[in-house]
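Visitor: Okay, handing you the structure first.
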Amino acid sequence: MAASTLTRTAAQERRRRGIIAAVFLVPAFVLFCLFFLGPAGLGLLYSFTDYRGYGDLEFVGLSNYQQLFADSEFYTALGRTILYTVVSVPVGYFLALLVSALLVARSAKGKTVAQVIFFFPWLVSPIVTGVIWRWLFGESFGLVNYLIDGVGLTPLKWAQDPNLALAVVIIAGSWGGTAGTMLLFMAAIKNIPTSYLEAAELDGAGPVTRFVRIVWPLLAPTSFMVILLGTIGAMKEFAMIQALNGGGPGTSNVLIVQYIYKTGFERSEIGYASAASMILMVILLIIAVIQTRFDRSDLN
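Residues 1 to 300, numbered by the UniProt record's numbering, are exactly what the sequence shown covers, in order.
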């Protein structure tokens, strides 16, 4: 009798906790439906129509997708986005990893001041980041060209050369994204048991060896998350590059989200832009699945 009473009480307690958890999850679920599922469903609907932001919807089937896959501008924007992602994500990853390792080192001086300095870019919006780096790399008024000219070298045409313009975008994006990644790495490094490092130090391993052989492998879960979020963020880059050079010179550095923006809002082809958005969403899902599979294989 007592055992059945305890079992019934435990079941009631689990039910009560489940109800409380569901109550707390309802607001998140509503927001998820309102700001993700709703817009995604509407975008999917628009992608099969010729909607231009006004008037009635006319169903056109797969016409938008067929036109999209034959559009050279779409492939150019997608290719430039992939190039930007392939270069900027590793640069941002290793830059943040290096800064984090230096800031948590026992022998480092002025850690507080350095953390504030490196954390500052996270407080700046992407638009402001673009404006700052546009000023720094301006051809006729920029600080970088002023310093280059000051040492007797020929100033570079940052805004006229597509590759130089992309390099500036990569530098600006890495600078802006280092702070958030740095905090993740610093927290992960501090959670590594000091006994591992002390044992390696007693065996004669130097700081670099200890970091490469012990710290870095233990950062694998954090590295996976950083690379995944960095890849998705780079594929969706818009505000910073729009403020920096608008995808110039010309349209040589227009990334995929800029292509969608220009198509949907400047040319009023909402249906066509929605089709491009659906393709981008599928690409991001594929990237996430692939990276997740690699992460699971590493753990196994």
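Every residue, glycine too, gets a C-beta built ideally from N, C-alpha and C. Only a predicted model underlies this, so the values are computations on that prediction, with no experimental measurement involved.
Cβ of residue 303 within 9 Å of Cβ of V60?
Guide: Nothing about residue 303 can be read from this structure; the chain reaches only from 1 to 300.
Visitor: Out of F294, L284, S277, point me to the one whose CA is closest to P39's CA.
Guide: Checked all of F294, L284, S277; the closest Cα to P39 is S277.
Visitor: Within 10 angstroms of the Cβ of M281, are there 16 or more other Cβ atoms? Answer buried if so, exposed if not.
Guide: Under this definition M281 is an exposed residue.
Visitor: Using the C-alpha atoms, what's the distance from T292 back to G18?
Guide: Distance between the alpha carbons of G18 and T292 is about 29 Å.
Visitor: Taking 6 Å as the limit between beta carbons, can you name the residues of its chain near G176, skipping five residues before and five after?
Guide: So the list reads P121, T129, once near-sequence residues are dropped.
Visitor: Here's the rule I'm using: 16 or more other beta-carbon atoms within 10 Å means buried, otherwise exposed. How should F32 be labelled?
Guide: That one is exposed.
Visitor: Using a 10 Å radius around the Cβ and a threshold of 16 neighbouring Cβ atoms, would you call R213 buried or exposed?
Guide: Per the 10 Å Cβ criterion, exposed.
Visitor: Cα separation between V23 and R14?
Guide: Those two C-alpha atoms are separated by around 14 Å.
Visitor: Would you say the segment 98–110 touches the segment 181–189, given that touching needs at least three Cβ pairs under 8 Å?
Guide: Enough Cβ pairs lie closer than 8 Å, so yes.
Visitor: Counting only the same chain and skipping the five closest in sequence on each side, list residues whose C-beta sits under 8 Å from that of A200.
Guide: These residues qualify, in order along the chain: T209, R210, R213, I214.
Visitor: Where does T154 sit, in a helix, a strand or coil, going by DSSP?
Guide: Note: T154 maps to coil in three-state DSSP.
Visitor: Is the beta carbon of I270 sitting closer than 9 Å to the one on Y51?
Guide: A contact, by the Cβ cut-off of 9 Å.
Visitor: Taking just the CA atoms, how far does I82 sit from I256?
Guide: Cα-Cα distance, rounded: 9 Å.
Visitor: In chain order, what residues of the same chain have a beta carbon less than 6 Å from the beta carbon of G142, not counting five sequence neighbours either side?
Guide: These residues qualify, in order along the chain: L136.
Visitor: Does DSSP put F238 in a helix, a strand or coil?
Guide: F238 falls in the coil class under three-state DSSP.
Visitor: V104: which of V89, E237, I189, T251 sits nearest, CA to CA?
Guide: Residue I189 is the option with its Cα nearest to V104.
Visitor: Helix, strand or coil for T251, going by three-state DSSP, please let me know.
Guide: Residue state, collapsed to three classes: coil.
Visitor: Would you say the segment 147–160 touches the segment 66–74, given that touching needs at least three Cβ pairs under 8 Å?
Guide: No, the segment 147–160 is not in contact with the segment 66–74.
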